[in-house]
Structure formats: C-alpha cells, structure tokens
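Taking our numbering, the leading residue of the sequence shown gets 25, the next gets one more, and so forth. Here a beta-carbon is modelled for each residue, glycine too, at the ideal position from N, C-alpha and C. Since the structure comes first, as structure tokens, the remarks are kept for the end.
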Amino acid sequence: MKQALIERVDPIEIYERDGGLCWICGEYVDLLLPATDKMSFNLDHIWPLALGGTHERHNLGTSHRLCNQRKGVRTSLPAAA
Ligand SMILES: [Zn+2]
C-alpha cells in the first residue's frame, strides 16, 4: 500500500525561503498579524491536496489568508484536458 508523502515542514522555513512574499499576489506578508486577519500568513499548497498535491516544501508557498481563500482549489496551471 502506497502512503501519501508527508514531509515535516516548518512554516517559517517556507516563509523565509519565499522572502516573506505571497506567491499569489507578490505582496509582503506580515507575520505579526493575528491568524484571524485576512492578510495574515498562510501556508498554501501550490498544487492543491484535493488535486493530488503533496505536503512537501516544493509544493508549499507563502500566501495571505485572503489570497489562499480566493484561489480555492484552482491553480494557475491549465486544467488537464
Ligand atoms: Zn497575497
């Protein structure tokens, strides 16, 4: 039986790799904002888990909570035919 690939990922590591910039809108993400703030730091799955994405560093990106919500399960990649 094949197990889903799960990496232990520190969100701050992803944040620092991305230079604190949201990968969706390109604007700076303020780590000090409370989690309830719509512009707070959110770890986004670039290729959504619902579409077979994995919880690995290369599939994780810094984002604003609002940007992540707006994106939903869509991606910037063309849908498979
Ligand atoms: Zn954003």
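Could you tell me which of the options sits nearest to residue i, measuring between CA atoms?
i   : options          : result
W47 : L75, T78 and W71 : W71
R8  : G43, L84 and K95 : This structure does not reach residue 8, given that the chain is present from 25 up to 105, and the question cannot be answered.
Quick one: using the 10 Å Cβ neighbour count with 16 as the cut-off for buried, is residue i buried or exposed?
i   : result
G50 : exposed
C91 : buried
H69 : buried
R89 : buried
T86 : buried
Only counting the same chain, and skipping five residues up and downstream in sequence, which positions put a Cβ closer than 8 Å to that of residue i?
i   : result
L73 : H79
Excluding the five sequence neighbours on either side, which residues of its own chain have a C-beta within less than 6 Å of the C-beta of residue i, listed in chain order?
i   : result
L55 : F65
E40 : none
Whose beta carbon lies closer than 6 Å to any heavy atom of ligand 1, going through the chain in order? Matched residues: C46, I48, C49, E51, S87, H88 and C91.
Curious, which full-length beta strand (DSSP E) runs of at least 3 residues does the region 34-96 contain? Restricting attention to beta strand (DSSP E) runs no shorter than 3 residues, the region 34-96 encloses them at 65-69 and 84-88, ordered along the chain.
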